[in-house]
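Peer 1: Each residue of the sequence shown is one higher than the last, beginning at 0 in the numbering used here. Cβ atoms here follow ideal geometry from the backbone N, Cα and C, with glycine treated the same way. One structure is given below, represented as structure tokens, and several questions about it will come after.
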Amino acid sequence: MLHRNGRYLLAVHSSFWGASDRRWGLPGGAIERGESPVQAVRRELNEELSLSELQLTELGAFHYKKAQHMVFAAPLAEEITEYRTSELLDVGWFSLSDVTDMHRHCKLHAYYELDAINRLRRLTHPAGD
Numbered sequence: 000m001l002h003r004n005g006r007y008l009l010a011v012h013s014s015f016w017g018a019s020d021r022r023w024g025l026p027g028g029a030i031e032r033g034e035s036p037v038q039a040v041r042r043e044l045n046e047e048l049s050l051s052e053l054q055l056t057e058l059g060a061f062h063y064k065k066a067q068h069m070v071f072a073a074p075l076a077e078e079i080t081e082y083r084t085s086e087l088l089d090v091g092w093f094s095l096s097d098v099t100d101m102h103r104h105c106k107l108h109a110y111y112e113l114d115a116i117n118r119l120r121r122l123t124h125p126a127g128d
């Protein structure tokens with residue numbers, strides 16, 4: 000999960016459901032044989048968004064479709080405006096309120112995106128801060 004100034008980057012993957020469904024999800028993909036989760040997220044972010052050398056924070060595992068999905072977060076200094084169109088149909092920056100509305104209206108791909116954002120917020124804004 001890429002974040003910047005209280006906004007979170009979500010993407011519509013070309014492999015999700017079909018172009019007309021347009022469910023938003025976190026950038027990323029499957030772990031290839033022999034890769035660690037960190038290696039996989041770095042490879043996927045490079046393939047999809049041409050990003051490298053990010054400071055990753057592990058947010059943990061989330062379950063979706065009988066599989067465990069490891070989620071990592073990284074702050075970005077700049078907006079993402081370009082992406083590989085063979086991998087992604089669209090990218091956008093969304094506030095917590097936006098993502099909450101998307102969750103409520105079933106516009107999120109894996110349904111754990113909001114939980115991952117809230118987990119990141121608990122790590123970066125502990126109670127009382």
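For Gly27, count neighbouring C-beta atoms within 10 Å of its own C-beta (all shown protein chains included) and say buried if the count is 16 or more, exposed if not.
Peer 2: buried
Peer 1: Should Leu58 and Ala10 be called a contact, given that it needs their Cβ atoms to be closer than 7 Å?
Peer 2: no
Peer 1: So, does the region 82-89 touch the region 97-107, judging by three or more C-beta pairs under 8 Å?
Peer 2: no
Peer 1: Would you say Ala39 and Thr56 are within 7 Å of each other, going by their C-beta atoms?
Peer 2: no
Peer 1: Specify, as a first and last residue, the run of the beta strand (DSSP E) that Thr56 falls within.
Peer 2: Counting along the chain, the beta strand (DSSP E) containing Thr56 begins and ends at 56-63.
Peer 1: Please classify Arg22: does DSSP put it in a helix, a strand, or coil?
Peer 2: coil
Peer 1: Pick helix, strand or coil for Arg6, following the three-state DSSP scheme.
Peer 2: strand
Peer 1: Between the beta-carbon of Met69 and the beta-carbon of Ala76, is there less than 7 Å?
Peer 2: no
Peer 1: Taking Met0 as the reference, give the member of Asp100, Ile30, Gly33, Arg41 with the closest Cα.
Peer 2: Comparing Cα positions, the closest option is Arg41.
Peer 1: If His2 sits next to Leu119, beta carbons under 8 Å apart, how far is it from one beta carbon to the other, in whole angstroms?
Peer 2: 7 Å
Peer 1: Determine the burial state of His108: buried for a count of at least 16 other Cβ atoms within 10 Å of its Cβ, exposed for fewer.
Peer 2: buried
Peer 1: Using C-beta distances below 8 Å, list every residue in its chain close to Gln54, excluding the 5 sequence neighbours before and after it, in chain order.
Peer 2: Leaving aside the five residues that flank Gln54 on each side, the residues in its chain whose CB is nearer than 8 Å to its CB run, in chain order, Ala73, Pro74.
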